[in-house]
Each structure stands twice: as structure tokens, then as C-alpha cells.
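Participant: Submitted below is the structure of interest, expressed as C-alpha cells.
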Amino acid sequence: MLIDFHTHTFPDKVAPAALRELSERSHTRPCTDGTVQGLKEAMKRDGVDISVVLPVATNPAQVEKINRRALEANASSGETGLISFGAMHPDYADYKTELKWLKDNGFKGIKLHPDYQSRLVDDPLMLNIIAEAEALGLYTTIHAGIDIGYPDDVHCPTTRTRHMVDELHPTHLILAHTGGWKEWDQVIELLTDPALYFDISFSMGRITPEQFLTILKQHGSDHMLFATDSPWDTAAHTLEELKKLPLTKEQFENICYRTGSKILSFSSTDVGDVSM
């Protein structure tokens, strides 16, 4: 089994414009057309069994609409292989009620994106949401480090992440992009907490092998998640780069699916090997 723990899709009507804008801003060519169908085709091509979709609410008015649509999509996850986290925005007032609704409806977690939501990761509004999600047993995936589209306006630098971790001591926190995109030396220095989860989205081939292996040693493969950031990278490329590293079979399998299956509450009979 191969679980991609960090993907994005857009509604069919807005996908072309959204990808065009993001591609121009980041100078990065997308690997799919950004639609659900495009992701499913990429999964089939690259041998991905499950993709976790991480919706981003860019304003608080979007939260409930995104989450109700995600609930409908999750009802057919057994057929599509797509499992959506919930969306949350730091300025959404009734966050406790909405997080409880997500938990009651089977969601495993939420996504926060400090850059797109114009809040520092240790802003009190962010801390309140992460703390409440923790209390409910929901995982929180956070874009960490530099966003390629906003390189000069970083809302989740490693120093701020360190402050947030010190405040909350989270056990259900997933830091995207191997802890902090393009800040991996700071991640090694400041984010040694073994309780933190890291997804490796848009990192492979960009992080040095030495940086990756040091982070892996600090956190353990049971807290590392295979991820692509689709449509911005592919599972085939991520897997190719991962296979170049001197990983044990256990480390490789943990990253590719065992850590993800634990978070998604799959039983051991639901998963199988992925070839090194």
C-alpha cells in the first residue's frame, strides 16, 4: 500500500484559474489539472492507494461549505481512495462547534495554512484551534516553512513553530514539508520533539540526503509520512527519491504507509507491502 498524506484538489470550475495563478506565483508547473479526476488518474498511474486531501479555507466563510462538501466526498472514499481532512480558518468564530462536528462525522484531522490565512502559526487564534483539535483527538496538518508562492512573507517559520510547540506540547501535529520547507537546518536544530509528525511533501529532491536522514533519526520513521503536495509533485518522483536513501525495510514501509494507516485507523489487514 502507498498512502499520499498531502494532496490538494479544486472544484472543476475553478481549477484552471486556480492552478494558473498558483503556478505563475510559484514558478512551478503542476503535475495534474488540479481536479479530483486528475488526482485519481495520477494515483492510478503512480500506484497510490489512498490520498489524503487537505482543503484550505482562505476565509472563514468557506469553512462550513468546504467541510460539508468534504463529508459528501468521504462517503465514497472506499471507491475513490480519497479521504479528506476538514478545513478550518483562524478567524472562524465558532471553531469549537465545527471541530466537534468534524470529529463526530469521522474526520481524522484539519488543515491550517498560516500563509494563506495571514496568521502566524503561534498567533493566539491558531493556538486555540490547534489546542481544541488536540483535545478532540483530531490531527492538525500545518504548512510549515517557506511557501514557494510567498517566499518573503513566512507565517510559519521554524522559530514560531518552536514557540507553538512549547505552548501546546501537541501529540497530533503534522508539520508539512518535512517540518519546514527550505528551513531544514533550523528544523534539525529547533524541532527535535519526537512527538511531532512530519510529512515529506514537496521535499524529496530538494532537501539534502543528510538533512533528511538527520530528521529521520531525530523523529523516527513511525512519525514520517509519505506525501507529495499534489498537484505540485508526483508520487513517482517522491518514491524515486526516497528509494535512493539508505533506508531499512521497516523505515521505508513506515514512511510509505504504516504511519499513515495508523493515523487513518486502518487495521493491519487493510494494508500491504510497497516495494523498495
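If you read the sequence shown in this note's numbering, its first letter stands for residue 30, the second for the next number, and so on.
Positions of the beta carbon are idealized from the N, C-alpha and C atoms, including for glycine.
Checking contacts by CB at 8 Å: is T64 closer than that to chain B?
Facilitator: Protein chains in the displayed structure number just one, and chain B is not present.
Participant: Check whether the segment 123–143 touches the segment 57–71, counting contact only when three or more Cβ pairs, one atom from each stretch, lie closer than 8 Å.
Facilitator: Touching, no, given that fewer than three Cβ pairs across the two stretches are closer than 8 Å.
Participant: Starting from I32, trace the beta strand (DSSP E) in both directions and tell me its first and last residue.
Facilitator: Residues 32–36.
Participant: Which same chain residues, not among the five before or five after F34, have their C-beta less than 6 Å away from its C-beta?
Facilitator: So the list reads V81, D228, L254, A256, G289, once near-sequence residues are dropped.
Participant: Take L100 as the anchor and find which of E108, I292, L31, G115 has the nearest alpha-carbon.
Facilitator: Here the closest residue by C-alpha is G115.
Participant: With DSSP run on the structure shown, which of helix, strand or coil describes I79?
Facilitator: Strand at I79.
Participant: For E127, is the classification buried or exposed, using 16 other Cβ atoms within 10 angstroms of its Cβ as the cut-off for buried?
Facilitator: Buried, by the Cβ-count rule.
Participant: Closer than 7 Å by C-beta to V92: which residues in its own chain qualify, once you throw out the five before and the five after it? Chain order, please.
Facilitator: For V92, where only same-chain residues beyond five positions count, the Cβ hits under 7 Å are A86, A116, M117, H118, Y121, E127.
Participant: If you draw a straight line from the C-alpha of D78 to the C-alpha of S232, how long is it?
Facilitator: Rounded to whole angstroms, D78 to S232 spans 21 Å at the Cα level.
Participant: What is the DSSP secondary structure of K273, counted as helix, strand or coil?
Facilitator: The answer is coil: DSSP assigns K273 none of H, G, I, E or B.
Participant: Under DSSP, the beta strand (DSSP E) around D228 begins and ends at which residues?
Facilitator: Here the beta strand (DSSP E) through D228 covers 226–228.
Participant: Give the list of continuous alpha helix (DSSP H) stretches no shorter than 4 residues that lie fully inside the segment 113–144.
Facilitator: Listed in chain order, the complete alpha helix (DSSP H) runs (minimum 4 residues) inside the segment 113–144 are 124–133.
Participant: Are the CB atoms of V150 and H206 within a distance shorter than 8 Å?
Facilitator: Cβ atoms of H206 and V150: not closer than 8 Å.
Participant: In the DSSP output, which residue or residues are listed as bridge partners for T170?
Facilitator: T170 is bridged to K140, I203.
Participant: Within the same chain, show all residues whose beta-carbon is closer than 6 Å to that of P199, passing over the 5 residues directly before and after it, in chain order.
Facilitator: Closer than 6 Å at the Cβ level, and outside the excluded window around P199, lie E163.
Participant: So Y179 and D144 are supposed to be a Cβ contact under 8 Å. How far apart are they, rounded?
Facilitator: Indeed they touch by this definition, with Cβ atoms about 5 Å apart.
Participant: In whole angstroms, give me the CA-to-CA distance for P40 and L268.
Facilitator: Near 27 Å, if we compare the C-alpha coordinates of L268 and P40.
Participant: Going by alpha carbons, who is nearest to S230 out of G166, G107, V194, H172?
Facilitator: When each option's Cα is compared against that of S230, the closest is H172.
Participant: Determine contact between the segment 186–202 and the segment 237–245, defined as no fewer than three beta-carbon pairs at a distance below 8 Å.
Facilitator: Because the criterion of three Cβ pairs below 8 Å is not met, the segment 186–202 and the segment 237–245 do not touch.
Participant: Under 8 Å by Cβ, that's how I've got T36 and S259 pegged, so tell me the actual separation to the nearest angstrom.
Facilitator: Confirmed, Cβ separation roughly 4 Å.
Participant: Going by the beta-carbon positions, is the gap between L167 and I139 smaller than 8 Å?
Facilitator: Contact flag set, yes.
Participant: Where do the N-terminal and C-terminal ends of the alpha helix (DSSP H) with Q247 fall, by residue?
Facilitator: Start and end: 238–248.
Participant: What is the rounded straight-line gap between the Cα of N96 and the Cα of V65?
Facilitator: Near 16 Å, if we compare the C-alpha coordinates of V65 and N96.
Participant: I believe L225 touches H252 by the beta-carbon criterion, under 8 Å. Please report the beta-carbon distance rounded to the nearest angstrom.
Facilitator: That pair is a contact at about 7 Å.
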